[in-house]
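For the sequence shown, the working numbering assigns the number 993 to the last residue and increments by one with no breaks.
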Amino acid sequence: MNRRIIVLLVLAALAALCGTALSRNDEFRVAIKTDDFLDLYHDKAVISTDGKAVTLVDFSHNFVSESQVTLLPTADGILVTDGSRELLMGTPVWVYPEHTCRLTLDSIKRGDAWEFNPSYRGFLEVNLAENGKLLIINTVKVEEYLYGVVPSEMPSGAPLAALCAQAVASRTFVVRKIVEARAAGRLYHVDDSIFAQVYNNRREDAQARQAVDLTRGIVMLDQDHLLVGAYFHSTSWGFTAASHEVWGGSTRESFPGNPVPYLVSRSILTTDWDVAWGSEGEALAFLKNKAVPGYEANSPWFRWQINFARSELEATINANLAAIYQSQPQFVQTRQSDGSYVSVPIPKSGIGKLKDLRIVERGSGGNVMTLEIAGSNGTFRVSKEYNIRSLIRPSRQYTNADIVIHRMNDRIVNYSMLPSACVALEITRDASGEITEVTIYGGGHGHGVGMSQWGARGMAEAGLGYEEILHAFYLGIALEDIYSIGDWQSLIGQ
């Protein structure tokens, strides 16, 4: 490779790094995490290609190999070797395949039970991080990125209309993240995990690519012509949650926050069905009913229940309450002698003996917003969806006993957190009034905001098109071709 080509490659990489104007063929930057998406920083990068050769470039060197290459961090730069040669290169190192070929990152695994080494379109940039490890960034076009996102977020066996809805939601989500990240001058725009959306955890397939191609460029805009927050989750409980009742408000006094017009609670049932969420008896009956007529009835998470002995529930609450307080003290409050609730440190022995458990506040879609726990050491209130799900973790890790989740037609043992925050409680007491067991009846999986992926699947199976599906979940949105809009920065407002 001659010096002119090296310079052109470096300039192209710098253009991507610095955030040039977005266009139909624009490329953006995805940080690639280690196995199981655990860490951003890698001990090494082992790279091969499905083409003939791979080319590595820094600001003054190039290294071309027809073999697998290994990049190792050193105090002086990045050491590159293909087994027969080695070269100390600067940072970053850009790694390119031949035209239209892909790079495989052999040093990481993806796919969970379907383990494989992921391959990437575009090119890779390997940086020497301050911690002495490697940061790996994939520069890729938006549409080609979606080829790896759609099958990772929704099984390719779903109907085409559902996959198209997922493609539009994922495109909207990532374009908004790209514009926000570029405005902030970040080194990369998103990572490849659930903290953005999952990328390349399943191999590309023809059905997912077709969904991306059929919806090429289509995004959702709100009534102010701004990109929507295109949130999605696995399964609702028959209703979605309003975003301001899940995440809104930075203090307990400001929670819930201000409503987002297109992310309000929506029914995902196939018939009219009103639930008086203020009645705990009615909420319990609804969540115990597996026959509720909903588009998500085939999801294993549509209905579930967990039985806790009192000692098990005490154990998981005591294992997690103090940590939640440390993370978000404003949303963990303790009852005072005058009846008020204030944020104060949790006793070292936790709640003590569990005396009662009560749902204090629900959102318009049924999700629990505030849970009250009465123990011998005091009465505590925990607010917000993630905090509540993190408090009661149905896992041996926290309870010292296996905990079974009974789902629609199966059961799983131990789980990292409460599947959703839409729950109702059935408390069993002995003759003296002491709690012996608590059964939690729940519905759905995930935060509940925006599009239910199983709901989209059910709607597609019922004959709805992808536009109808999106309008069912995101109220009042418009669909528009992002590539017909010159200035994407204007789509996130001021």
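For glycine and all other residues, C-beta sits at the position ideal for the given N, C-alpha and C.
Straight-line CA distance for residue i to residue j?
i: Asp-723; j: Ala-695; result: 24 Å
i: Ile-858; j: Ser-931; result: 23 Å
i: Thr-671; j: Glu-642; result: 11 Å
i: Gln-827; j: Arg-880; result: 12 Å
i: Gly-992; j: Leu-762; result: 18 Å
i: Arg-708; j: Gln-665; result: 12 Å
i: Gln-835; j: Gln-829; result: 15 Å
i: Pro-617; j: Glu-966; result: 31 Å
i: Glu-614; j: Asn-797; result: 26 Å
i: Thr-599; j: Leu-633; result: 25 Å
i: Val-648; j: Asn-699; result: 6 Å
i: Phe-562; j: Val-568; result: 10 Å
i: Thr-739; j: Val-556; result: 48 Å
i: Asn-524; j: Leu-768; result: Low confidence applies to Asn-524: its pLDDT is 44, below 50, so where it sits in the model is not reliable, and the reading given next is rough at best. One C-alpha to the other measures close to 40 Å.
i: Pro-755; j: His-743; result: 5 Å
i: Leu-539; j: Tyr-619; result: 17 Å
In the structure shown, what three-state DSSP assignment does residue i receive?
i: His-905; result: strand
i: Gln-832; result: strand
i: Lys-787; result: helix
i: Gln-804; result: strand
i: Ala-961; result: coil
i: Pro-650; result: helix
i: Arg-892; result: coil
i: Phe-672; result: helix
i: Thr-927; result: strand
i: Glu-871; result: strand
i: Glu-526; result: strand
i: Ile-976; result: coil
i: Val-678; result: helix
i: Thr-714; result: coil
i: Ser-989; result: helix
i: Asp-773; result: coil
i: Ile-531; result: coil
i: Ile-934; result: strand
i: Tyr-885; result: helix
i: Ala-520; result: With a pLDDT of only 41 at Ala-520, under 50, the local geometry of the prediction cannot be trusted, and the value read off the model is given with reservation. Residue state, collapsed to three classes: coil.
i: Val-763; result: coil
i: His-732; result: strand
i: Glu-860; result: strand
i: Ile-984; result: coil
i: Leu-725; result: coil
By a C-beta neighbour count over all protein chains shown, 10 Å radius and 16 as the cutoff for buried, is residue i buried or exposed?
i: Gly-954; result: buried
i: Leu-602; result: buried
i: Ile-693; result: exposed
i: Asp-575; result: exposed
i: Tyr-624; result: Note that residue 624 is Glu in the sequence shown, not Tyr. Buried is the call here.
i: Arg-910; result: exposed
i: Leu-686; result: exposed
i: Ser-889; result: buried
i: Gly-985; result: exposed
i: Val-529; result: buried
i: Gln-952; result: buried
i: Leu-870; result: buried
Just grab the DSSP bridge partners of residue i for me.
i: Trp-593; result: Val-556, Glu-624
i: Ser-655; result: DSSP lists no partner for Ser-655.
i: Tyr-540; result: Leu-634
i: Tyr-619; result: Leu-602
i: Ser-547; result: Thr-603
i: Asp-855; result: Ala-873
i: Gly-793; result: Leu-768
i: Pro-572; result: Ile-577
i: Lys-640; result: Glu-526
i: Ser-564; result: Val-553
Spatial neighbours of residue i within its chain, please: C-beta separation below 6 Å, excluding the five flanking residues on both sides.
i: Val-745; result: Glu-884, His-946, Val-948
i: Gly-957; result: Tyr-794, Glu-795
i: Met-950; result: Ala-668, Phe-731, Phe-972
i: Leu-570; result: Ala-544, Ile-577, Val-579, Val-625
Once the 5 residues before and after residue i are set aside, which same chain residues still bring their CB inside 8 Å of it?
i: Tyr-460; result: This structure does not reach residue 460, given that the chain is present from 500 up to 993, and the question cannot be answered.
i: Asp-929; result: Thr-935
i: Ile-583; result: Per the sequence presented here, residue 583 reads as Ser, with Ile not at that position. Here the set comprises Ser-566.
i: Leu-969; result: Ala-664, Val-667, Ala-668, Met-719, Met-950, Ile-976, Leu-978
i: Leu-726; result: Thr-671, Val-674, Arg-675, Val-678, Val-718, Met-719, Leu-720, Leu-990, Ile-991
i: Glu-781; result: Val-774, Ala-775
Residues in the same chain with beta-carbon distance under 7 Å from residue i, minus the five sequence neighbours each way, listed in chain order, please.
i: Asp-980; result: Gly-716, Ile-717
i: Trp-800; result: Ser-733, Thr-734, Arg-906, Pro-918, Gly-943, His-944
i: Ser-651; result: Val-697, Tyr-698, Asn-699, Asn-700, Arg-701
i: Lys-898; result: What sits at residue 898 in the sequence shown is Thr, not Lys. So the list reads Glu-811, Ala-814, Thr-815, once near-sequence residues are dropped.
i: Ser-564; result: Ala-552, Val-553, Asp-581
i: Pro-658; result: Arg-956, Ala-959, Glu-960
Are there any heavy atoms of the ligand ATP lying less than 8 Å away from the beta-carbon of residue i, as far as the coordinates show?
i: Ser-894; result: With respect to small molecules bound, the structure shown includes none, and the ligand ATP cannot be examined in it.
Under 9 Å, Cβ to Cβ, is there at least one residue of chain B near residue i?
i: Ser-836; result: Although the question refers to chain B, the structure presented lacks it and comprises just one protein chain.
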